[in-house]
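For the sequence shown, the numbering used here assigns the number 292 to the initial residue and increments by one for each residue that follows. Even for Gly, the Cβ is constructed at its ideal location relative to N, Cα and C.
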Amino acid sequence: MSLALAEGQMMGVVGAHLHLRQALQAVAGQYDVVLIDSPPSLGQLSILGALAADHLVVPVPTRQKGMNALSGLSEAMATYRKLRPDLTVALYVPTLYDARRSHDREALAAFQGMLRPLASPIPDRGAVWNDSASAGQPVGVYAPGSPVHQDVLRVTAEIARAANLNVQIPGVKA
């Protein structure tokens with residue numbers, strides 16, 4: 292609810308889309324990395340996050356919804372680059388992947404032909420994600436060492452490499 296209210300309050304505020312970027316620039320020396328997790332939409336908060344970022348990590352579901360979103364994503368990137376020509380996508384991350392589903396395999400193949408750079412897909416393991424969220428714990432705390440936790444560590448390492456971050460992710464081979 293707070294995010295919905297914040298999005299409404301941004302409307303009509305001159306320069307609101309630059310406030311987060313300016314705030315991050317003011318504290319840049321205090322952090323190695325800042326992750327901005329914006330809503331899965333092209334609303335005002337997503338624009339705010341994108342314009343504040345140096346690189347984007349774009350999750351793309353291997354479902355019809357993900358395929359349909361590609362044209363809107365392309366348009367959004369073109370708009371963002373008018374304001375931030377240096378903005379790049381560090382990594383596209385295929386999500387909700389189920390290799391048993393022919394549609395998911397086809398979507399992944401399409402992404403491999405269109406999106407660069409592309410991470411390895413994150414399997415659809417909804418039960419653990421939902422259970423950890425219900426418990427109010429990150430997957431690594433809720434189910435350490437589980438296949439889902441291994442997925443998180445793997446994609447974290449891929450994101451770090453794509454963003455040229457010199458970090459070692461515990462539990463992931465370099």
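_Which listed residue (Thr447, Asp377 and Gly334) has its alpha carbon closest to that of aspartate 345_ = Ranking the options by Cα distance to aspartate 345, first place goes to Asp377.
Q. Looking only at its own chain, which residues have a Cβ that is under 8 Å from the Cβ of valine 446, when we skip the five neighbours before and after it?
A. Only Val384, Ala410, Ser411 and Ile413 meet the Cβ criterion.
**Study point:** Closest residue to valine 419 among Leu387, Phe402 and His394 (Cα-Cα distance)
**Key:** If we check each option's Cα against that of valine 419, Leu387 comes out closest.
>> For alanine 424, count the other beta carbons within 10 Å of its own beta carbon; 16 or more makes it buried, fewer makes it exposed. Which is it?
In response: The residue is exposed, with fewer than 16 neighbouring Cβ atoms inside 10 Å.
Tell me which residue opens and which closes the alpha helix (DSSP H) that alanine 381 is part of.
Premise fails: alanine 381 lies in the beta strand (DSSP E), 379 to 386, not in any alpha helix (DSSP H).
What are the residues that DSSP puts in a beta bridge with valine 349? DSSP output for valine 349 lists Tyr383 as bridge partner(s).
* If we ignore side chains and look at the alpha-carbon of each, how far apart do tyrosine 433 and valine 305 end up? -> Answer to the nearest angstrom: the Cα atoms are 43 Å apart.
Just to confirm my understanding: we take glycine 462, look at its own chain, exclude 5 residues before and 5 after, and list those with CB closer than 7 Å. What are they?
Result list for glycine 462: Leu444, in chain order.
query = Span of the alpha helix (DSSP H) holding leucine 342?
reply = It spans 335 to 343 - the alpha helix (DSSP H) in which leucine 342 sits, taken as one unbroken run.
I want to know whether the stretch 308 to 318 touches the stretch 346 to 355 - three or more CB-CB distances under 8 Å.
No, the stretch 308 to 318 is not in contact with the stretch 346 to 355.
Which of the three DSSP states is assigned to leucine 406 in this structure? Three-state DSSP puts leucine 406 in coil, outside helix and strand.
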